[in-house]
Amino acid sequence: MALLDYFLRKKEKQVTTASKAKERLQIIVAHERNSRNKQPDYLPQLTEDILKVLRKYIKVSDESFSINLDKKDGDLNVLELNIELHDEQTAD
Amino acid sequence: MARIIVVTSGKGGVGKTTSSAAIGLGLALKGHKVVLIDFDIGLRNLDLIMGCERRVVYDFVNVINGEATLNQALIKDKRVSSLSILPASQTRDKDALNKENVGKVLEELGKSYDFIVCDSPAGIEAGAMMALYYADEAIVTTNPEVSSVRDSDRILGMLASRSRRAELGLDPIKEHLLLTRYSPKRVEEGEMLSVEDVEDILSIPLLGVIPESQAVLKASNAGEPVILDTESDAGKAYQDVIERLLGETVEFRFLVAEKKGIFSRMFGG
Numbered sequence: 001m002a003l004l005d006y007f008l009r010k011k012e013k014q015v016t017t018a019s020k021a022k023e024r025l026q027i028i029v030a031h032e033r034n035s036r037n038k039q040p041d042y043l044p045q046l047t048e049d050i051l052k053v054l055r056k057y058i059k060v061s062d063e064s065f066s067i068n069l070d071k072k073d074g075d076l077n078v079l080e081l082n083i084e085l086h087d088e089q090t091a092d
Numbered sequence: 001m002a003r004i005i006v007v008t009s010g011k012g013g014v015g016k017t018t019s020s021a022a023i024g025l026g027l028a029l030k031g032h033k034v035v036l037i038d039f040d041i042g043l044r045n046l047d048l049i050m051g052c053e054r055r056v057v058y059d060f061v062n063v064i065n066g067e068a069t070l071n072q073a074l075i076k077d078k079r080v081s082s083l084s085i086l087p088a089s090q091t092r093d094k095d096a097l098n099k100e101n102v103g104k105v106l107e108e109l110g111k112s113y114d115f116i117v118c119d120s121p122a123g124i125e126a127g128a129m130m131a132l133y134y135a136d137e138a139i140v141t142t143n144p145e146v147s148s149v150r151d152s153d154r155i156l157g158m159l160a161s162r163s164r165r166a167e168l169g170l171d172p173i174k175e176h177l178l179l180t181r182y183s184p185k186r187v188e189e190g191e192m193l194s195v196e197d198v199e200d201i202l203s204i205p206l207l208g209v210i211p212e213s214q215a216v217l218k219a220s221n222a223g224e225p226v227i228l229d230t231e232s233d234a235g236k237a238y239q240d241v242i243e244r245l246l247g248e249t250v251e252f253r254f255l256v257a258e259k260k261g262i263f264s265r266m267f268g269g
């Protein structure tokens, strides 16, 4: 039986280390990528609202407007708005 | 235009400096003009691996501070004349480097070299960020081991968000996976992540697989980059890396364990 145990153990080991490592990595890496890229849920709505207010006063095309939430070092978050203004600034 | 290549990893001790030395020397042996820069301010070691530690007079920080010209600080390799080394400083403070002054040095070097190979310090601190900031390409050096793979993924995130190319919205940095200290035998025994496993997780193109090899320690003992040991598996694997960097398609070697004959299997050995 010792011989049988030997083979069984070897097979069992294959399932446990390298594939376990891969499985754990896939989970943690996916999780970390998510939190890295995640924009807050309110961002799309905020973008729309800001655009609505802006368009009350000036002409803003979708291309000349960008919004970005950046994580800087530490706890600092920066909300960055870029609006390109054209010569004709007042709305009709 | 010089190709700026950063050799990076996140985790320490995975083979960044060994790889930088081998790749820099390998490209120079192919006739290209190459400069190797040690970005590990305070802990220089590239000079030792290259075997030019006794010839360091001025360093990267001296150049940044205007205390020496680039030509004074660059050390010409004694084996290949088209290779130069810019050593890191040993004592100066880490904050000596910034985007502006590093950019100037790289621009100057770019006028006379084809390849600028930046050996990054470990970690994700300012030094590592400086090393990758101007890169066109990144060689992400990874061991088939959980903490190294995870750190490599962090570094991939940095390449995509903190580099000059990311900030200016240019084409992203071209990423290459370099798997080092690979042991096919342990992979076959299910004890080590395989090439495919690491590729699956990091999903970047594979540049090379360097097998675990005694030649690497011997090479650093002697200050002769391992690529010069043309008999060794590691040396050959680095030569393949050079071919691939230069656009050749080379089949991957050393991915399977050497098969033992029936006799050595039976009688051990």
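First to last, the sequence lines map onto chains W and L.
Each step along the first sequence adds one to the number in UniProt numbering, with nothing skipped, and position 49 is 49.
Each step along the second sequence adds one to the number in UniProt numbering, with nothing skipped, and position 93 is 93.
All C-beta atoms in this analysis are idealised placements derived from N, C-alpha and C, irrespective of residue type, glycine included.
Less than 7 Å separating the beta-carbons of residue i and residue j?
i	j	result
V226 of chain L	D240 of chain L	no
G110 of chain L	A2 of chain L	yes
A237 of chain L	D229 of chain L	no
N68 of chain W	E80 of chain W	yes
M192 of chain L	S203 of chain L	no
A96 of chain L	I64 of chain L	yes
L83 of chain L	D77 of chain L	yes
I23 of chain L	M50 of chain L	no
M130 of chain L	V102 of chain L	yes
L207 of chain L	S163 of chain L	no
A257 of chain L	K185 of chain L	yes
F60 of chain L	P121 of chain L	no
F252 of chain L	V209 of chain L	yes
I201 of chain L	L25 of chain W	yes
K16 of chain L	S147 of chain L	no
I4 of chain L	D136 of chain L	yes
G66 of chain L	A18 of chain W	no
Since residue i contacts residue j with CB under 8 Å, what's their CB separation in whole angstroms?
i	j	result
Y113 of chain L	V35 of chain L	5 Å
N77 of chain W	S66 of chain W	Contact doesn't hold; Cβ gap of about 17 Å is too wide.
S9 of chain L	T142 of chain L	7 Å
L46 of chain L	A21 of chain L	6 Å
E175 of chain L	V140 of chain L	6 Å
I116 of chain L	A138 of chain L	Contact flag wrong, Cβ pair sits at about 13 Å.
Within 10 Å of its beta-carbon, does residue i have 16 or more other beta-carbons around it, so buried, or fewer, so exposed?
i	result
residue 270 of chain L	Examination of residue 270 of chain L is not possible in this model, given that chain L is present from 1 through 269 alone.
V57 of chain L	exposed
G13 of chain L	exposed
K259 of chain L	exposed
M52 of chain W	Here the sequence assigns Lys to residue 52 of chain W, which means Met is not the residue at that position. Exposed is the call here.
A73 of chain L	buried
G127 of chain L	buried
G247 of chain L	exposed
Q214 of chain L	exposed
A30 of chain W	exposed
L156 of chain L	buried
K22 of chain W	buried
R54 of chain L	exposed
I242 of chain L	buried
L168 of chain L	exposed
R55 of chain W	exposed
L159 of chain L	buried
S194 of chain L	buried
K20 of chain W	exposed
Please identify the residue among the options whose C-alpha is closest to the C-alpha of residue i.
i	options	result
T18 of chain L	L:K185, L:P184, L:F254 and L:L178	L:L178
D171 of chain L	L:D197, L:E107, L:Y134 and L:I201	L:Y134
I37 of chain L	L:I155, L:V105 and L:N221	L:V105
P211 of chain L	L:P144, L:D200 and L:V80	L:P144
T26 of chain L	L:R253, L:G123, L:L245 and L:F254	Reading the sequence as shown, one finds Gly at residue 26 of chain L and not Thr. Among L:R253, L:G123, L:L245 and L:F254, the Cα nearest to that of G26 of chain L is on L:L245.
I41 of chain L	L:I4, L:R54 and L:G123	L:G123
E32 of chain W	L:I75, L:D151 and L:E53	L:D151
I28 of chain W	L:D153, L:E243, L:F254 and L:I173	L:D153
H32 of chain L	L:R54, L:C52, L:R55 and L:V80	L:V80
H86 of chain W	W:P40, W:S61 and W:D75	W:S61
N62 of chain L	L:T91, L:L255 and L:L159	L:T91
E188 of chain L	L:L255, L:K30 and L:E107	L:L255
K99 of chain L	L:C52, L:R165, L:A222 and L:L217	L:R165
What are the residues in the region 182–196 of chain L lying within 8 Å of chain W by C-beta distance?
Those residues of the region 182–196 of chain L that come within reach of chain W (Cβ to Cβ, closer than 8 Å) are V187, E189, G190, E191, M192, L193 and S194.
Closer than 7 Å, Cβ to any Cβ of chain W: which residues of the region 157–178 of chain L, in chain order?
G157
For the UniProt domain "AAA" (3–151) of chain L, which residues have a CB atom closer than 7 Å to at least one CB atom of chain A, in sequence order?
This model lacks chain A altogether; the protein chains it does include are W and L.
Taking Cβ-Cβ distances below 8 Å as the criterion, which residues of the region 27–52 of chain W are in contact with chain L?
I28, V29, E32, R33 and R36
Cβ-based contacts, 7 Å cut-off: residues of the region 230–244 of chain L near chain W
none
Give the residues from the region 195–209 of chain L that approach chain W closer than 7 Å (Cβ to any Cβ), ordered along the chain.
D197 and I201
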